[in-house]
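**Q** Pasting a structure below so you can have a look.
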Amino acid sequence: MWFWLLVIMGFYFLFRWYWYRQILQNLTDKYVFITGCDSGFGNLLARQLDEQGLRVLAACLTQRGTEQLKEATSQRLQTVILDVTDSENVAAAASWVKQQVGDRGLWGLVNNAGISSPIAPNGWLTKNDFCKVLNVNLVGMIDVTLSLLPLIRKAKGRIVNVSSGAGRLSLTGGGYSISKYGVEAFSDSLRRELCSFGVKVCIIEPGAFKTHITDPKYFQETIKQIWSHLPEETKESYGKSSYDIYFKNMHSSVDVVSSKLSLVTDCMEHALTAVHPHTRYSAGWDVKLIYLPLSYLPTSLVDFLWSLVTVSLAKMLLKQDP
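In the UniProt record's numbering, the protein residues as written are 1 to 322.
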């Protein structure tokens with residue numbers, strides 16, 4: 001009995017390996033539009049796909065970003081400046097993409113543009129702090145997707161949305177985790193809606209990687225500004241120690257951030273080029289060992305475990321030298 005069980009399991013994993021390793025043909029004829037290509041995942045993915053021969057349409061927030069990317073890639077790669085929070089800019093970019101792809105349609109859309117800050121206790125933040133993040137990470141993503149949807153349907157292509165482990169488990173305040181929960185929900189509904197059109201929707205859930213949105217110095221400066229503008233009543237309620245803990249935690253977090261961005265961009269590439277892409281891709285040890293396992297546990301148990309972690313972390317950080 002055990003022998004046949006092992007045989008069946010062996011055949012299952014062999015079939016699964018073969019199923020997901022199949023790659024599409026004629027990739028050089030396919031257009032992929034990527035947002036947030038100034039740096040980080042978007043920049044690396046644009047260069048990676050360009051090397052594979054795909055026709056990359058890279059959207060950067062700044063002119064400098066477009067120039068630097070062009071210098072590092074082939075003449076196939078085309079760039080455009082895009083602020084995903086500006087609907088007129090999004091409409092203009094969609095029109096530009098339509099001119100580039102012609103009758104072939106758009107094979108791939110990678111919604112990568114995003115910000116994380118401000119991240120702080122919710123009681124320290126304002127409505128505008130939340131809107132700042134949501135407008136980029138969620139509303140901007142929806143705007144870009146809807147603008148390009150006819151071209152994607154035409155090509156029966158792929159939509160790849162960058163979420164986060166924080167889209168599975170919310171452990172910090174601010175708009176970031178909220179926005180990523182929204183990305184998960186939008187992607188799920190979109191995937192089910194577009195299935196009949198032959199369009200596949202994939203979600204990328206990275207952990208903590210060394211990009212501009214995880215820069216500890218930027219986080220620390222943001223925390224300083226937020227704390228300095230808080231009413232005295234709020235400062236007294238939370239206590240100066242809570243500020244010290246947050247500030248030191250941002251500094252120490254750099255030690256657990258991975259610099260291997262290819263772990264994420266390889267997932268993105270597979271989602272765009274595989275015959276049978278995964279619905280979700282989890283990249284990073286923290287997502288696989290912390291966020292995903294905890295997300296399946298009872299909420300009360302997660303709350304208890306997290307309270308133990310935060311108390312222990314607070315004691316450790318407060319003992320450190322300033």
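Backbone N, C-alpha and C define an ideal beta-carbon position, used for all residues, glycine too.
Please state whether the Cβ-Cβ distance between L24 and T273 is less than 8 Å.
**A** A contact, by the Cβ cut-off of 8 Å.
**Q** Ordered along the chain, which non-local residues of its own chain (more than five positions away) have a Cβ less than 7 Å from that of W107?
**A** K30, Y31, V32, A155, G157, R158, listed in sequence order.
**Q** Sort S116, E236, A208, I223 by Cα distance to G175 and report the nearest one.
**A** Closest by alpha carbon: S116.
**Q** Give every residue of the same chain whose Cβ lies closer than 7 Å to the Cβ of A166, excluding the five residues on either side of it in the sequence, and list them in chain order.
**A** Closer than 7 Å at Cβ, skipping near neighbours: Y176, S177, K180.
**Q** Examine the Cβ distances between the segment 197–209 and the segment 262–276 and report whether three or more of them are shorter than 8 Å.
**A** With the cut-off at 8 Å, the segment 197–209 and the segment 262–276 touch.
**Q** Count the CB pairs spanning the segment 136–144 and the segment 82–102 that are closer than 8 Å, and state whether there are at least three.
**A** Verdict: yes, contact present.
**Q** Quick one: Cα of H229 to Cα of Q48, how far?
**A** Each residue's alpha carbon lies about 43 Å from the other.
**Q** Shortest alpha-carbon distance to V90 belongs to which of G207, A120, I34?
**A** It is I34 whose Cα lies nearest to the Cα of V90.
**Q** Going by DSSP, what residues sit across from L57 in a beta bridge?
**A** For L57, which the question treats as bridged, DSSP gives the partners F33, Q78.
**Q** Between the C-alpha atoms of L317 and S307, what's the straight-line distance to the nearest angstrom?
**A** Confidence is the limiting factor: at L317 the pLDDT is only 48, short of 50, which leaves the residue's position unreliable and the question unanswerable from this model.
**Q** What runs of the beta strand (DSSP E), each 3 residues or longer, lie entirely inside the segment 213–240?
**A** Listed in chain order, nothing qualifies, since the segment 213–240 has no complete beta strand (DSSP E) run of 3 or more residues.
**Q** Starting from the Cα of I245, find the closest Cα among V309, V183, S74, F130 and give me that residue.
**A** For the residues V309, V183, S74, F130, the minimum Cα distance to I245 belongs to V309.
**Q** Between the segment 186–193 and the segment 224–239, can you find at least three pairs of beta-carbon atoms closer than 8 Å?
**A** With a cut-off of 8 Å, the segment 186–193 and the segment 224–239 do not count as touching, because too few Cβ pairs lie within range.
**Q** On a Cα-Cα basis, can you pick out the residue from S242, V144, Q63, N112 that is closest to S164?
**A** Out of S242, V144, Q63, N112, N112 has the C-alpha closest to the C-alpha of S164.
**Q** For L149, report the span of its alpha helix (DSSP H) as first-last.
**A** Looking at the DSSP string, the run of the alpha helix (DSSP H) that includes L149 is 140–155.
**Q** Using alpha carbons as the reference points, say which of L261, P231, G140 lies closest to L125.
**A** Looking at the Cα atoms, P231 is the closest of the given residues.
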